[in-house]
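Participant: My questions will all concern the structure given below.
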Amino acid sequence: MTDVAAPGAPENITTSDGVPLKVSLARATRRQRMQALLLVLPLLLFLLVAFVLPIGEMLFRSIYSPIGPDVLPNFSKVIQEWDGEDLPPESTFEVFVKDMTAARESNEIGKTVGNLATRVNYEIPGSRGLFTKSARKVKNITEGPYKEALIGLDKRWEDQHIWRTLQRISSNYTMSFYLAATDRKYDENNDIVMADPLYQIYLPIMGKTLWLSALITFICLLVAYPVSYLLATLPLRTSNLLMIMVLLPFWTSLLVRTTAWIAMLQTEGIVNNILVFTRVISEESRIQMIYNQTGTIVAMVHILLPFMILPLYSVMKTIPPYYMRAARSLGATGTYSFVKVYFPQTIPGIAAGTLLVFILAIGYYITPALVGGSDGLLISNLIADHIKKTLNWSLGSALGAILLAIVLIFYWIYNKLVGVDNLKFG
Amino acid sequence: MVRFQNVQKSYDGETLVVKDLNLDIATGEFVTMLGPSGSGKTTTLMMLAGFEPATHGEIYLNGNPINNVPPHKRGIGMVFQNYALFPHMSVAENLAFPLAVRGMTKSEQEDKVKRVLEMVELPEFGGRRPAQLSGGQQQRVAVARALVFEPDLVLMDEPLGALDKQLREQMQYEIKHIHESLGVTVVYVTHDQSEALTMSDRVAVFEDGIIQQLSSPEELYERPKNSFVAQFIGENNKLRGTVQEIGKDKLATVKLDSGDMVKALAVNVSSKGERTLLSVRPERVAIEPKKTPNTVTLTGRVEELIYLGDHIRTRMSVAGHPDFIVKVPNNAEHHELTQGQTTTLGWQAEDCRALDDLAA
Ligand SMILES: Nc1ncnc2c1ncn2[C@@H]1O[C@H](COP(=O)(O)OP(=O)(O)OP(=O)(O)O)[C@@H](O)[C@H]1O
Ligand SMILES: [Mg+2]
């Protein structure tokens, strides 16, 4: 029971015993809300464990690098005070030598001089030897002047660059993985510069990933649009059959489909054999269609096609045929009606399909790894390399975070252009 | 203006949805196709509009065969049952669509759109999307769009089907008004008989792919040609019997199944011994009629009385038919009837039509 609200003051409605209506409503629905929460709890927990935590861990790892403070705890504190001019003072050298000696003795996994050397080597390629060699001999330096003694071990200790780098990694957090992931680095003067063109790999690959993903998305759209149209307009029996043909590959293992493409496209494969057999090409000029970009594009278009067809189909299904008829009766030709009446109504489907395919393509791993050869590789393959082979997880994480950022940016642009509420995924 | 000649249509090659359709429509006429669901009205309209090919026969528009003319070249305006307003365009864009297709300049388009919006009394609504209009407003826009490019012929497929009764009656009036002021030819489809009767110059009653009767509303109501039309249009009392004799004056003597002998106008009975269905309108039946040579009288028992204000709807048992309806006018000299009472009732022989018996 509610009191009749005074006109003009609807926000102050109360129930008959004077409790504000909103409070009363919240109380009354609390039980329902608790039940709803319980129902989604398993999913929430799963998302937390399987999604939020790993991504948080990845983002953290891409900037967290405690190797400096871990291996050289005292040195890492004092080097902070150095102004970066000339060389650090003698006292700093002393702390460095003592820390190095101590580090040499400890064998804590992940906190050895070797780990430190690897870390510095990321920054100054070729500097690894300096550390491992000096570490072996540094225990012989027992008294000052430490600076001269150290330089006596190796001339390179005279180089400002080394000390600036050590100063930089003396903090627990670093930007250098993001710099490396975007082909940038610190030069001797601590300024951020582009890496040597020879060492620029990530930006070109990222560019190529974006370009290939866009191309794959576009091809998918071109192929999927007419198929979806048929699916949506053919009589039910035929369209069901067609739908099964669309979904069948979807139900087959990804690996099987990808290897099937290898059988199709390799130089001794079915396509080449047919071309040779029909004398379109000669035996010597068999076309290389796999283990390169072509292979990546063909296989990925095939694998991602259902993700384009399904949203398109679900949108087209809701467009009744009488719109086209109306347009025709108003004097428009078939083409004109299609462009002006049918096509605009499919835009939500196109938007959803392209977004889905593009985002999937950007992060695709297995297909390019299997059929991409060397020039058909995408950014995820490089990330996987860093996680599995070079074990530079931080760099891998930084690349992954950038990939995530790109996806989010695209999502944001899409939202601006089409509005996510307008997307129809199926 | 429009001519269907022996047109047949089959979708599946097994059944004919339209059987041997012959229809002539004059310029400026308002012709309605009326019939039960599935009788082939929409199909006929679609053939005329060009969306379905005729399986056999020829359709002429202004004397030219149009079987091979694509829909967009026929210049026929069409209002769809569900309006088919393009959802992604504003009302004005919808209305400008047929004009843009015809290559009119922007200012010409704006001019015409403005005028047609005024005609359907929606001058303020050009900027809205169809989804932001009520059903009745959408309907007006759909009519406006079919008229804006000034076609000579407009087809309307149950355009008022989705509207409530009051709005429907108002729109009937408006469509009729537009038809009269513009002089366009209208082919209208409905399965609402009162709509067909009030709006049309001529009504074609469809049943099972055949035009059962094509005539003016008055003719249709007063002189139905067969029992389907008689039953489909308006209310009707049915009496079954066998023809005894057909006189020179077209009056047949019929022996009802109850044994009573009555006279009725022979419409489509031709021979002695034929089964027939007598049809007489409830408002033509009088209680305790004055005797004239042509009056048919029977006795009936009052079963039920329903007071409707202007008349009293009386259900009686007559000659073994328990659902014989008589409309007793509620005037000064009307007869007070009570339930269970037996009384005489009668009508003029020519008001009772002896038709084919569908059930036979
Ligand atoms: N596209 C089609 N394919 C096959 N059969 C069809 C098709 N369209 C209509 N029919 C059949 O043709 C017959 C006539 O249909 P039509 O749509 O002309 O009826 P209608 O008189 O317009 O009925 P309603 O009043 O319900 O609209 C129906 O039996 C219907 O099932
Ligand atoms: Mg219909």
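Just so you know, the sequences run in chain order L and V.
Position 62 of the first sequence, counting from 1, maps to 62 under the working numbering, and the rest follow consecutively.
When you read off a place in the second sequence, starting at 1, and then add 426, the result is the number in the working numbering.
Glycine is no exception: its CB is placed at the ideal position from the N, C-alpha and C atoms.
(1) Can you tell me whether residue 592(V) is buried or exposed? The criterion is at least 16 other CB atoms within 10 Å of its CB, across all chains shown.
(2) Looking at the unbroken beta strand (DSSP E) that takes in residue 737(V), where does it start and where does it end?
(3) Counting along the chain, where does the alpha helix (DSSP H) carrying residue 353(L) start and finish?
(4) Is any heavy atom of ligand 1 found at a distance shorter than 7 Å from the C-beta of residue 468(V)?
(5) For the region 299-333 of chain L, which residues have a CB atom closer than 8 Å to at least one CB atom of chain V, in sequence order?
(6) Do residue 570(V) and residue 530(V) have their beta-carbon atoms positioned less than 8 Å apart in this structure?
(7) Could you tell me the distance, in whole angstroms, from the CA atom of residue 283(L) to the CA atom of residue 262(L)?
(8) Quick one: does residue 344(L) have its CB under 8 Å from some CB of chain V?
(9) Taking the beta carbon of residue 155(L) as the centre, do at least 16 other beta carbons fall within 10 Å, making it buried, or is it exposed?
(10) Under 7 Å from any heavy atom of ligand 1, does the C-beta of residue 618(V) make it?
(11) Please check if any C-beta of chain L sits within less than 8 Å of the C-beta of residue 588(V).
(12) Taking 7 Å as the cut-off, is the beta-carbon of residue 443(V) closer than that to any non-hydrogen atom of ligand 1?
(13) Does ligand 4 have a heavy atom nearer than 7 Å to the CB of residue 461(V)?
(14) Taking the alpha-carbon of residue 657(V) as reference, which of 457(V), 601(V) and 462(V) has the nearest alpha-carbon?
(15) Identify every residue that forms a DSSP beta bridge with residue 724(V).
(16) Using CA atoms only, rank isn't needed, just tell me which of 689(V), 681(V) and 724(V) is closest to residue 699(V).
(17) Consult DSSP for residue 480(V) and reduce its assignment to one of helix, strand or coil.
(18) Please confirm whether residue 407(L) has its beta-carbon closer than 8 Å to some beta-carbon of chain V.
(19) Considering residue 651(V), what are the terminal residues of the beta strand (DSSP E) in which it resides?
(20) Can you list, in chain order, the residues of the region 526-550 of chain V whose Cβ is nearer than 9 Å to any Cβ on chain L?
(21) Against chain V, which members of the region 341-370 of chain L pass a CB distance test of less than 7 Å?
(22) What residue range is occupied by the uninterrupted alpha helix (DSSP H) comprising residue 68(L)?
(23) Could you give the distance in angstroms between the alpha-carbon of residue 568(V) and the alpha-carbon of residue 622(V)?
(24) Just the chain L side, please: which residues come within less than 9 Å of residue 571(V) by C-beta, in chain order?
(25) Please list, in chain order, the chain L residues whose beta carbon lies closer than 9 Å to that of residue 475(V).
(26) Cβ of residue 336(L) less than 8 Å from any chain V Cβ?
(27) Straight-line CA distance for residue 309(L) to residue 549(V)?
(28) Classify residue 185(L): buried if its beta carbon has 16 or more other beta carbons within 10 angstroms, exposed otherwise.
(29) Could you tell me the boundaries of the beta strand (DSSP E) in which residue 750(V) lies?
(30) Please determine, among 731(V), 689(V), 703(V) and 624(V), the residue with the shortest C-alpha to C-alpha distance to residue 596(V).
(31) Residue 207(L) by DSSP, collapsed to three states: which one?
(32) Between 749(V), 775(V), 744(V) and 766(V), which lies nearest to residue 722(V) when the distance is taken from Cα to Cα?
(33) Can you give me the C-alpha to C-alpha distance between residue 704(V) and residue 663(V), rounded to a whole angstrom?
(34) Contact defined as beta carbons within less than 8 Å: I believe residue 726(V) pairs with residue 764(V). What is the distance between those atoms, to the nearest angstrom?
(35) Beta-carbon within less than 6 Å of residue 447(V)'s beta-carbon, same chain only, minus the 5 sequence neighbours each way: which residues are those?
(36) Name the chain L residues that come within less than 9 Å of residue 514(V), Cβ to Cβ?
Facilitator: If we stick to the structure as given:
(1) exposed
(2) 737-744
(3) 343-362
(4) yes
(5) 320, 322, 323, 325, 326, 327, 328, 329, 330, 331, 332 and 333
(6) no
(7) 19 Å
(8) yes
(9) exposed
(10) no
(11) no
(12) yes
(13) Looking at this structure, you won't find ligand 4 anywhere; what it does contain is ligand 1 and ligand 2.
(14) 462(V)
(15) 771(V)
(16) 681(V)
(17) coil
(18) no
(19) Taken as a continuous stretch (DSSP letters only), residue 651(V) belongs to no beta strand (DSSP E), as it is neither H nor E.
(20) 526, 527 and 528
(21) 341, 344 and 345
(22) 67-71
(23) 20 Å
(24) 326 and 330
(25) 325, 328 and 329
(26) yes
(27) 42 Å
(28) buried
(29) 747-755
(30) 624(V)
(31) helix
(32) 775(V)
(33) 8 Å
(34) Rounded, the Cβ-Cβ distance is 13 Å, inconsistent with contact.
(35) 430 and 433
(36) 341, 344, 345 and 347
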